[in-house]
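**Student:** Structure incoming, see below.
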Amino acid sequence: DLASMGVYLFKKDVLQKLLEEDAHTSGSRHDFGRNVIPKMAIKNKVSAYKFDGYWRDVGTVQAYWEVNMELLEWSPPLLFDVNWPVRTQEEEGPPAIITEKANVINSMISNGCIIEGRVEHSVLSPGVTVIEGAVVKDSIIMSHSIISSNSVVDRSIIDKEVVVETDCRIGFSDDFRPNRLQPKALTSGITIVGKKAQIPAGTKIGRNCVIHCGVTKDDFSSPEIPSGETIEPKRRRHAQKE
Numbered sequence: 018d019l020a021s022m023g024v025y026l027f028k029k030d031v032l033q034k035l036l037e038e039d040a041h042t043s044g045s046r047h048d049f050g051r052n053v054i055p056k057m058a059i060k061n062k063v064s065a066y067k068f069d070g071y072w073r074d075v076g077t078v079q080a081y082w083e084v085n086m087e088l089l090e091w092s093p094p095l096l097f098d099v100n101w102p103v104r105t106q107e108e109e110g111p112p113a114i115i116t117e118k119a120n121v122i123n124s125m126i127s128n129g130c131i132i133e134g135r136v137e138h139s140v141l142s143p144g145v146t147v148i149e150g151a152v153v154k155d156s157i158i159m160s161h162s163i164i165s166s167n168s169v170v171d172r173s174i175i176d177k178e179v180v181v182e183t184d185c186r187i188g189f190s191d192d193f194r195p196n197r198l199q200p201k202a203l204t205s206g207i208t209i210v211g212k213k214a215q216i217p218a219g220t221k222i223g224r225n226c227v228i229h230c231g232v233t234k235d236d237f238s239s240p241e242i243p244s245g246e247t248i249e250p251k252r253r254r255h256a257q258k259e
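In terms of my numbering, the sequence shown opens at residue 18 and continues consecutively.
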């Protein structure tokens with residue numbers, strides 16, 4: 018099977034003309050794969066390059082999580098290929114600190130991380146702090162998030178600058194019901210916490226949940242969020258009602 022990798026090279030004037038035409042085409046979804054490229058193939062010369070190297074489609078939450086977990090394999094297909102180095106913007110920071118009380122198992126720990134608790138089969142971006150007594154398992158934790166003592170994060174994706182206070186459980190329960198608002202996107206038990214969200218102490222969040230960006234303590238009406246539920250900032254909920 019073949020798939021588009023989403024990398025295109027155009028002549029500027031040709032692309033501009035085609036996009037202007039598509040913008041005024043009734044019924045178009047203004048999508049490269051569905052509308053722009055097929056129309057260009059009819060009117061212009063279109064060529065493709067068959068790429069046989071490493072590539073993954075990360076268009077779903079599950080796929081994104083799986084690709085990150087793939088990096089933790091003994092010999093991941095992407096990281097250690099000397100003929101295909103990974104070139105990405107690197108965040109400057111001090112070396113990671115892993116204390117004598119920490120327990121790190123098969124995980125990727127980036128620069129600037131401070132690990133005092135347990136991290137198992139997880140990917141941690143720069144500047145993440147896991148305080149003593151906290152557990153992170155099968156999860157992706159992005160830059161400068163804090164997992165406080167006695168909190169457990171399991172099979173979750175935590176965005177940047179999130180604060181998980183003490184005694185929280187994120188990704189708990191054997192209830193894997195799909196997310197109520199996005200049933201097609203979240204079905205495999207992965208819970209998502211958005212950027213700069215604040216999870217108050219003692220909160221329990223189930224599977225397939227979504228905690229939106231910027232959520233604060235005041236947005237939680239209950240200390241337990243059942244599987245499949247979504248928490249949004251109150252200001253957004255009020256705006257939707259209006």
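Heads up, the beta-carbon is just placed ideally off N, CA and C, and yes, glycines get one too.
As the structure is a computational prediction, the values presented were derived from the model and not from experiment.
How close, in whole Å, do the beta carbons of G231 and K213 come, if the pair is a contact with beta carbons under 8 Å?
**Tutor:** Position 214 of the sequence shown, counted from the first residue, corresponds to residue 231. Position 196 of the sequence shown, counted from the first residue, corresponds to residue 213. At roughly 5 Å, the Cβ-Cβ gap stays under 8 Å, so G231 and K213 are in contact.
**Student:** What are the partner residues of N120, as DSSP defines its beta bridges?
**Tutor:** By 1-based counting over the sequence shown, the position of residue 120 is 103. Paired residues: R135.
**Student:** Assign A151 to one of two classes, buried (16 or more other C-beta atoms within 10 Å of its C-beta) or exposed (fewer than that).
**Tutor:** For this step, residue 151 is matched to residue 134 along the sequence shown. Buried, by the Cβ-count rule.
**Student:** Are the CB atoms of P112 and N128 within a distance shorter than 8 Å?
**Tutor:** Locating residue 128 in the sequence shown gives position 111, where the first residue counts as 1. Locating residue 112 in the sequence shown gives position 95, where the first residue counts as 1. It is a contact, given that the beta carbons lie within the stated cut-off.
**Student:** Could you name the residues that DSSP lists as bridge partners for K221?
**Tutor:** Sequence index remark: in the sequence shown, residue 221 carries index 204 (1-based). According to DSSP, K221 bridges with R186 and E241.
**Student:** Using DSSP bridges, identify the partner residues of S173.
**Tutor:** Numbered from its first residue, the sequence shown carries residue 173 at position 156. Paired residues: T208.
**Student:** Quick check on DSSP: helix, strand or coil for I148?
**Tutor:** The sequence position of residue 148 within the sequence shown is 131, counting from 1. Secondary structure at I148: coil, using DSSP grouped into helix, strand and coil.
**Student:** Output yes or no for whether 8 Å exceeds the beta carbon distance between V170 and S160.
**Tutor:** If you number the sequence shown from 1, residue 170 lands on position 153. If you number the sequence shown from 1, residue 160 lands on position 143. No, they are not a contact pair.
**Student:** Go through its chain and collect everything with a Cβ distance to N123's Cβ below 6 Å, but skip five positions before and after it.
**Tutor:** Within the sequence shown, numbered from 1, the residue matching residue 123 stands at position 106. Counting only Cβ-Cβ distances below 6 Å, and skipping sequence neighbours, we find L89 and H138.
**Student:** In chain order, what residues of the same chain have a beta carbon less than 7 Å from the beta carbon of P195, not counting five sequence neighbours either side?
**Tutor:** Along the sequence shown, read from residue 1 onward, the residue named residue 195 stands at position 178. The residues are L203, T204, N225 and G245.
**Student:** Starting from V53, follow the alpha helix (DSSP H) in both directions and report where the run begins and ends.
**Tutor:** Position 36 of the sequence shown, counting from 1, holds the residue named residue 53. Here V53 belongs to no alpha helix (DSSP H), and DSSP marks it neither H nor E.
**Student:** For my contact list, S142 and I158 are in at a C-beta cut-off of 8 Å; report their separation, rounded to the angstrom.
**Tutor:** Against the sequence shown, residue 142 aligns to sequence position 125. Against the sequence shown, residue 158 aligns to sequence position 141. About 7 Å; that satisfies the 8 Å criterion.
**Student:** On the DSSP letters alone, give me the boundaries of the alpha helix (DSSP H) that K29 sits inside.
**Tutor:** The residue you call residue 29 lines up with position 12 of the sequence shown. Taken as a continuous stretch (DSSP letters only), the alpha helix (DSSP H) holding K29 covers K29 to A40.
**Student:** Short of 7 Å in beta carbon distance, which residues of its chain neighbour S166, apart from the five on each side in sequence? Order them along the chain.
**Tutor:** For the purposes of this step, residue 166 is taken as the residue at position 149 of the sequence shown. For S166, where only same-chain residues beyond five positions count, the Cβ hits under 7 Å are I148, E149, G150, A151 and T183.
**Student:** What's the gap between the Cα of R104 and the Cα of D98?
**Tutor:** On the sequence shown, position 87 is the one that residue 104 refers to. On the sequence shown, position 81 is the one that residue 98 refers to. The straight-line gap from Cα to Cα measures roughly 12 Å.
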